[in-house]
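First to last, the protein sequences are chains A and B.
Just so we're aligned, residue 1 is where the first sequence starts under our numbering, counting upward by one.
Just so we're aligned, residue 441 is where the second sequence starts under our numbering, counting upward by one.
A short worksheet on the structure shown next.
2 protein chains.
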Amino acid sequence: VNLDMTDIRIASLRTHSIALADPPLRSSYGLHAPYALRTIVEMESEDGVIGLAETHGGEAMAADIARVTPDVAGTSAWSLAARLMPLLSPALEGDRSQTHRVPGENPLDASMRLYSVLEMAALDLVGKTVGQPVCALLGGRVRDLVPFSAYLFYKHAGGGGEGDDTRDDEYGEGLTPEAMVVQARQMMEAYGFTSIKLKAGVLDPDEEIAAIKAMHVAFGPGVPLRIDPNCAWSVETSVRVGRALARELANGGYLEDPTAGLDGMAAVRRALLAEGIDTPLASNVATTSFDHLPIAVRDDAVQIVLCDPHYWGGLRQVQHLARVCQTFGLGLSMHSNSHLGISLMAMAHVAAASPHLTYACDTHYPWQRAADEVVEGGRIPFEHGSVRITDAPGLGVSLDYDQLARGRERYARCAYRKRDDEAEMRKHVDAQWTRRLPRW
Amino acid sequence: VNLDMTDIRIASLRTHSIALADPPLRSSYGLHAPYALRTIVEMESEDGVIGLAETHGGEAMAADIARVTPDVAGTSAWSLAARLMPLLSPALEGDRSQTHRVPGENPLDASMRLYSVLEMAALDLVGKTVGQPVCALLGGRVRDLVPFSAYLFYKHAGGGGEGDDTRDDEYGEGLTPEAMVVQARQMMEAYGFTSIKLKAGVLDPDEEIAAIKAMHVAFGPGVPLRIDPNCAWSVETSVRVGRALARELANGGYLEDPTAGLDGMAAVRRALLAEGIDTPLASNVATTSFDHLPIAVRDDAVQIVLCDPHYWGGLRQVQHLARVCQTFGLGLSMHSNSHLGISLMAMAHVAAASPHLTYACDTHYPWQRAADEVVEGGRIPFEHGSVRITDAPGLGVSLDYDQLARGRERYARCAYRKRDDEAEMRKHVDAQWTRRLPRW
Chain A
1 VNLDMTDIRI ASLRTHSIAL ADPPLRSSYG LHAPYALRTI VEMESEDGVI
51 GLAETHGGEA MAADIARVTP DVAGTSAWSL AARLMPLLSP ALEGDRSQTH
101 RVPGENPLDA SMRLYSVLEM AALDLVGKTV GQPVCALLGG RVRDLVPFSA
151 YLFYKHAGGG GEGDDTRDDE YGEGLTPEAM VVQARQMMEA YGFTSIKLKA
201 GVLDPDEEIA AIKAMHVAFG PGVPLRIDPN CAWSVETSVR VGRALARELA
251 NGGYLEDPTA GLDGMAAVRR ALLAEGIDTP LASNVATTSF DHLPIAVRDD
301 AVQIVLCDPH YWGGLRQVQH LARVCQTFGL GLSMHSNSHL GISLMAMAHV
351 AAASPHLTYA CDTHYPWQRA ADEVVEGGRI PFEHGSVRIT DAPGLGVSLD
401 YDQLARGRER YARCAYRKRD DEAEMRKHVD AQWTRRLPRW
Chain B
441 VNLDMTDIRI ASLRTHSIAL ADPPLRSSYG LHAPYALRTI VEMESEDGVI
491 GLAETHGGEA MAADIARVTP DVAGTSAWSL AARLMPLLSP ALEGDRSQTH
541 RVPGENPLDA SMRLYSVLEM AALDLVGKTV GQPVCALLGG RVRDLVPFSA
591 YLFYKHAGGG GEGDDTRDDE YGEGLTPEAM VVQARQMMEA YGFTSIKLKA
641 GVLDPDEEIA AIKAMHVAFG PGVPLRIDPN CAWSVETSVR VGRALARELA
691 NGGYLEDPTA GLDGMAAVRR ALLAEGIDTP LASNVATTSF DHLPIAVRDD
741 AVQIVLCDPH YWGGLRQVQH LARVCQTFGL GLSMHSNSHL GISLMAMAHV
791 AAASPHLTYA CDTHYPWQRA ADEVVEGGRI PFEHGSVRIT DAPGLGVSLD
841 YDQLARGRER YARCAYRKRD DEAEMRKHVD AQWTRRLPRW
């Protein structure tokens, strides 16, 4: 131990916009494009240690990081987060929910996302410098294994990518209850997941009810089931689905963002409770910031918050959120977007350092392929559906620069600079398609 | 920077029970004894670095620390807090408020206090090892100067201590409105405080109203005034005082724990609001743990939480609490007991690292004397009523072992092993005295 250790000064910040192959997954927002966009940040100290971070991709995110890059150089990695604290209190008024925009595309939470990615990189940099895992910097881990859930998507055939860069379609088309059972089984066998979430809001609600019922039959009541239509349903439809799936969503299941807005969520909750159905409502659409919580609590609109360190303001804010949820009797789990290993490890580290984590976290990781992973050594392994937190410093991952270069090349080649699932839907499925809320 | 830095292993934990002279201060709990008891903890790493902490004193606290000492040795200072996390969820049911017991003497929060002191020592140890101030370990400071308030007490003549060990009576007797103005002026001149809190619940409420009014006249509306009877009043009396002091407690003032219990507080709030009086109610008596917050929020019983890292579960829990308060529109300030420089710096570091701190903090520090300070270099200086956070590692203080030895000697000599203000009241003021709630 070096008692004369000096501060950890940030020398430079490098931002890499990359694209990774993404299968044609469906949601109420539309269709995933052949490539998902991510941003990788390298924060290098004067001592040559490199802290990593990963966040939403595209031009706007990269521009936001570029804007603060000159201010970050020369500051201390230890205290960067506090210096940037004003980013967590944006003056912008407006709809910070994800009702009308996919995560990562709402300009009203851009400053939260910017704070998050810089805090993540600074924590990794500090951890790698002092030889401690990020969870130790956050107070220490309360669990070594962070559980994730199988995240099923209705999908068209195809594994993502384009032309010569096409990926194997590991899971095949999934548009029927039977196919979704197969998808679930395949993912559970590959990763060891012991709970299942179905991204819904895609087919007629009766089809989606049938899919959940089929999984309940296939896997039994010991496997918690969740369903998430991203607010595609009216209050009435939400209540109808909640009623139809009262038994299947019991025992650790939940109904996620069935309808738009905290008012709508509260109405669904009231109606279900009136029928004696206590299925908790989870949310990452109606509830995306601390500002939403007082109303969510007051109106009992949300029983489980699906946090995300990428837009809730970073890892420490997620820890604060966990305490808020514990205090007010809310459950906590974690939301995911298409992501690679750096984000996965950031999610796992904060989850490990947050005592109040009541449901297995979401991850899109099974939908990505080894060809696109940018962390050295390849994809992060899962053990029985969980990611293990080791004693490796920082987030426990470093960059494979060849792989990073390929991600940058894909980004340069691909035609879009932001996520637009609606445009993609019109391009590949239905030229007239527009997102309507509620759809059913 | 040493990239091969190994873990910070705790080699030993040393606990020192000390006594420090304390003037005969009055509160609704009774009378301060000639000595206040504190516990100083040294947590030494295998590398010989020493982390410090300070907390409530007496036999029970020391015994609690002794009980866990064997388990602490050999563990990592980075992750000690997470290992001890079960202490923050005590299984004990019962009244965790301070309605009937002074802070530090409620066995129902003993495990929180134990956690706090060990976390504090571990943070100081880590900070001193890596050369960073504790606030940097907590995410970095958002302020360099942490403001404190003048904390006035009704008092009998005497400066504390006994026999040859008696301290100068710097402030003299203070039992009239005029004397309290003198006390305030003296303390403000010595420390630069720009706000005032009066510990009340001692004299007839009309006397205490007169004291606040006299200060309002003496110092003008630019000096926020607070009054804290430690729940000595009925709801009716509380409302009467709130009405009488509506003007004087405006502009950054507050009414603190006027009456017992969250129900009582809510009733006072409702009655005052009905008269158009929006004086916020602060609390460290009715609200002492996260468990109290849902009811405090729901019933609007408390508008300002007076946190205390010594019994809220440590510095990180206070940061979480700050976020809870910010989220639910509550103010936040900090409670104090008789303490020395280590506690003062711990309070200052977490306050510096908590963006949401809406009122100057409390401190008993002006009531203690240089003769009793255990930190090297003597008493912590104040600048314009604030404590400055420097770049010094850890909490920024180290032990003066001669002074510590004197504190231990005083503890050995003094007759009591816990704080009992009621017994002291009977001994020195009124042999028949018992605490009654409400008294007025």
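For each residue, glycine too, the CB sits at the ideal point set by N, CA and C.
All of these numbers come straight from a predicted model, not from anything done at the bench.
Between residue i and residue j, what straight-line distance do the alpha-carbon atoms span, to the nearest angstrom?
i: Val449(A); j: Pro103(A); result: Only positions 1 to 440 of chain A appear in the structure, and residue 449(A) is not among them; the question remains open.
i: Leu108(A); j: Leu118(A); result: 18 Å
i: Arg454(B); j: Ser556(B); result: 16 Å
i: Ile10(A); j: Leu272(A); result: 52 Å
i: Val566(B); j: Lys637(B); result: 35 Å
i: Thr916(B); j: Ala791(B); result: Lying before the first or after the last residue shown, residue 916(B) is absent from chain B, which here runs from 441 to 880.
i: His456(B); j: Met785(B); result: 18 Å
i: Arg439(A); j: Pro878(B); result: 60 Å
i: His428(A); j: Gly57(A); result: 22 Å
i: Asp444(B); j: Gly377(A); result: In this prediction, Asp444(B) has a pLDDT of 46, which is less than 50 and means its spatial position is unreliable; what the coordinates show is noted afterwards. Cα-Cα distance, rounded: 22 Å.
i: Ile480(B); j: Glu409(A); result: 59 Å
i: Glu256(A); j: Met61(A); result: 27 Å
i: Glu715(B); j: Pro669(B); result: 22 Å
i: Glu170(A); j: Ala211(A); result: 20 Å
i: Pro34(A); j: Met425(A); result: 11 Å
i: Asp421(A); j: Ile717(B); result: 53 Å
i: Asp144(A); j: Ala476(B); result: 43 Å
i: Asn2(A); j: Val827(B); result: Its pLDDT being 44, under 50, Asn2(A) is placed unreliably by the model, and the measurement read from it follows with that caveat. In a straight line, the C-alpha of Asn2(A) is about 29 Å away from that of Val827(B).
i: Ala370(A); j: Cys361(A); result: 21 Å
i: Trp807(B); j: Ser516(B); result: 37 Å
i: Trp233(A); j: Thr798(B); result: 42 Å
i: Asp168(A); j: Val223(A); result: 28 Å
i: Asp605(B); j: Ala855(B); result: 14 Å
Taking residue i as the reference, which of the options has the closest Cα?
i: Ile667(B); options: Asp739(B), Ser678(B) and Ala630(B); result: Ser678(B)
i: Pro573(B); options: Asp697(B), Arg683(B), Ala871(B) and Gly491(B); result: Gly491(B)
i: Asp447(B); options: Gly514(B), Gly470(B) and Asp462(B); result: Gly514(B)
i: Phe822(B); options: Ser794(B), Ala788(B) and Thr874(B); result: Ala788(B)
i: Glu207(A); options: Val181(A), Glu189(A) and Ser195(A); result: Val181(A)
i: Gly834(B); options: Ser794(B), Ala562(B) and Arg466(B); result: Ala562(B)
i: Gln317(A); options: Gly579(B), Gly693(B) and Arg828(B); result: Gly579(B)
i: Gly201(A); options: Asp308(A), Leu152(A), Arg113(A) and Arg67(A); result: Leu152(A)
i: Leu442(A); options: Pro24(A), Glu42(A) and Val72(A); result: Within the shown structure, residues of chain A are numbered from 1 to 440, placing residue 442(A) beyond reach of any answer.
Beta strand (DSSP E) containing residue i: first to last residue?
i: Lys637(B); result: Ile636 to Lys639
i: Val827(B); result: Ser826 to Arg828
i: Tyr694(B); result: Tyr694 to Glu696
i: Phe593(B); result: Ala590 to Phe593
i: Asp668(B); result: Leu665 to Asp668
i: Tyr35(A); result: Tyr35 to Ser45
i: Arg876(B); result: Unbroken run through Arg876(B): none, as it is neither H nor E.
Can residue i and residue j be called in contact, C-beta distance under 8 Å?
i: Arg419(A); j: Glu59(A); result: no
i: Ser373(A); j: Leu340(A); result: Per the sequence shown, the amino acid found at residue 373(A) is Glu instead of Ser. In this structure, Leu340(A) lies closer than 8 Å to Glu373(A) by Cβ.
i: Tyr411(A); j: Ala19(A); result: yes
i: Ala700(B); j: Thr874(B); result: no
i: Leu643(B); j: His656(B); result: no
i: Glu494(B); j: Ile782(B); result: yes
i: Glu613(B); j: Lys595(B); result: yes
i: Ala741(B); j: Leu702(B); result: yes
i: Ile649(B); j: Leu689(B); result: no
i: Gly469(A); j: Pro280(A); result: This structure leaves residue 469(A) out entirely; chain A is present only between 1 and 440.
i: Arg581(B); j: Ile829(B); result: yes
i: Cys135(A); j: Ala353(A); result: yes
i: Ala707(B); j: Val675(B); result: yes
Check for me: the alpha helix (DSSP H) holding residue i runs from which residue to which?
i: Ile18(A); result: Note, Ile18(A): premise wrong, no alpha helix (DSSP H); beta strand (DSSP E) at Ile10 to Ala21.
i: Ala266(A); result: Gly261 to Ala274
i: Pro645(B); result: Pro645 to Phe659
Near-chain A residues of the region 525 to 540 of chain B (beta-carbon distance less than 7 Å), N- to C-terminal order: If the cut-off is 7 Å between Cβ atoms, the region 525 to 540 of chain B has Met525 near chain A.
Interfacial residues, the region 759 to 784 of chain B to chain A, with Cβ spacing under 9 Å: The residues in question are Gln759, His760, Leu761, Ala762, Arg763, Val764, Gln766, Thr767, Phe768 and Gly769.
Residues of the region 569 to 583 of chain B with Cβ closer than 7 Å to any Cβ of chain A, in chain order: Per Cβ criterion, the list reads Thr569, Val570, Gly571, Gln572, Ala576, Gly579, Gly580, Arg581 and Val582.
Members of the region 785 to 814 of chain B that neighbour chain A once the beta carbon cut-off is set at 8 Å: Only Ala793 and Pro795 from the region 785 to 814 of chain B bring a Cβ to less than 8 Å from some Cβ of chain A.
Members of the region 616 to 633 of chain B near chain A, C-beta cut-off 7 Å: So the list is empty, because no residue satisfies the distance condition.
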